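Sequential numbering of the sequence shown, starting at 5, is according to the numbering used here.
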Amino acid sequence: MTAVTAAGAPVQAPDRPKRNRRVREISGQAGWTVLGWVVGIGFFIPVLWMVITAFKPESAAETWPPKFTFSPTLSEFRIVFNGMDPFIEHSAIATVGSTIVVLVLALPAAYALSIRPVRGWRDSLFFFISTKMLPVVAAIGPLYVIALKTHLLDSLWLLIILYAAMNLPLAIWMIRSFMLEVPTEMLEAARLDGAGRFREITEVIMPVVSPGLVSTALICIIFAWNELFLALNLTVTNASTMPMFLISSVPQEGLYIAHLSAAATVASVPVIIVGWIAQRSLVRGLSMGAIK
5 MTAVTAAGAP VQAPDRPKRN RRVREISGQA GWTVLGWVVG IGFFIPVLWM
55 VITAFKPESA AETWPPKFTF SPTLSEFRIV FNGMDPFIEH SAIATVGSTI
105 VVLVLALPAA YALSIRPVRG WRDSLFFFIS TKMLPVVAAI GPLYVIALKT
155 HLLDSLWLLI ILYAAMNLPL AIWMIRSFML EVPTEMLEAA RLDGAGRFRE
205 ITEVIMPVVS PGLVSTALIC IIFAWNELFL ALNLTVTNAS TMPMFLISSV
255 PQEGLYIAHL SAAATVASVP VIIVGWIAQR SLVRGLSMGA IK
């Protein structure tokens, strides 16, 4: 509805529906922001409590209701650092080794399933992902027999092979999705210049999908670093990993909450550092293909 001035010129009434819609959009964005912060803080509180408990003496860590005022101490961290060296070394070797194997095998496999699909590529993709559907507890018996017969029981080579097999299907699917985002014009130009498959992968595809490779490697590192079931059942001392160190931090009797919190804090630091260093590439990799 329009109003008329004294001179007879019409005056447009303010667009109230448009303004109300804008207010609702701002309110909705603010609501989602608040919800996101609440969920994020909710996930972070247990981690924060673990770190705080690690600095408590055992007498203060076991109290209920919990004490928020205490004298910080590093005694539990000293105990942890005195006995964790072989565990963290085994975890680092198994994690880095298996991640390298995964990337070396997943890159050409993803190339054969995306850029130049082989015959039956859909069945291959389903086969890869179907291996993740088998509960690992159902395979531990045959794996133990195979490891025993091949003299790989309680060895780092066994963990590297098993961790690579565990992460390879997921890595193939992820890297394939990243390769599908490579512009076809770039590939056609490289082929016109006479680039072979190896050069096409190394000089054209890898620079484009490098953020995706970083995010894939980080996910493989997290899964391998945190894996417990295989290490617990197939290793004893020569290849025991950090998750097994956490189990050994729980005594049969006595107080252990502060010591376990300190050990869990130390075990979490390497993955947090790697994630913080690779966070930019991780975000870019996980967002590839989200915007067309």
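By construction, the Cβ of each residue, glycine as well, lies at the ideal position given by its N, Cα and C atoms. None of the values given here were measured: they were computed from a predicted structure.
Rank the options by C-alpha distance to the C-alpha of residue i and give the top, closest one.
i      : options                          : result
Glu192 : Arg180, Leu107 and Ile209        : Ile209
Leu259 : Ile45, Ala221 and Glu62          : Glu62
Pro90  : Leu129, Ala282 and Leu250        : Leu250
Gly303 : Ala235, Ala221 and Gly35         : As shown, the chain starts at 5 and ends at 296. That puts residue 303 outside it, with no answer to give.
Gly216 : Glu189, Arg180, Glu207 and Leu39 : Arg180
Ser95  : Ala228, Ala262 and Arg82         : Ala228
Arg284 : Val218, Met248 and Glu231        : Val218
Would you report the Cα separation of residue i and residue j, rounded to the nearest angstrom?
i      : j      : result
Arg23  : Leu184 : 42 Å
Val303 : Pro121 : For the chain, the structure presents residues 5 to 296; residue 303 sits outside this window and is missing.
Thr245 : Ala142 : 22 Å
Pro69  : Leu166 : 43 Å
Ala243 : Ala235 : 8 Å
Leu129 : Thr57  : 45 Å
Ala148 : Gly101 : Per the sequence presented here, residue 148 reads as Tyr, with Ala not at that position. Cα to Cα, the separation comes out at about 21 Å.
Met137 : Asp127 : 15 Å
Arg26  : Gly35  : 14 Å
Met54  : Leu39  : 24 Å
Going by other Cβ atoms of all chains shown within 10 Å of its Cβ, with 16 needed for buried, is residue i buried or exposed?
i      : result
Asn171 : buried
Gly200 : exposed
Val273 : exposed
Ile281 : exposed
Thr37  : exposed
Ser253 : buried
Lys60  : buried
Leu196 : exposed
Val42  : exposed
So, under 8 Å CB-CB, residue i and residue j are touching, yes? Tell me the CB distance rounded to an integer number of Å.
i      : j      : result
Cys224 : Thr135 : Their Cβ separation, rounded to whole angstroms, is 15 Å, which puts Cys224 and Thr135 out of contact at 8 Å.
Asn98  : Ile164 : Residue 98 is actually Ala in this sequence, not Asn. Confirmed, about 6 Å.
Ala168 : Val106 : 5 Å
Counting only C-beta atoms, is residue i closer than 9 Å to chain D at any point?
i      : result
Tyr167 : Among the protein chains of the structure shown there is no chain D, as only one such chain exists.
Problem set entry | Touch test, the segment 258-277 against the segment 73-84, Cβ-Cβ under 8 Å, three pairs minimum | yes
For this session: Evaluate contact between the segment 157-168 and the segment 232-243, counting only Cβ atoms and requiring at least three cross-stretch pairs below 8 Å.
Result: Result yes; three or more Cβ-Cβ pairs closer than 8 Å.
Exercise. Given 8 Å as the limit, is there contact between the segment 174-183 and the segment 101-114, that is, 3 or more CB pairs closer than that?
Worked result: yes
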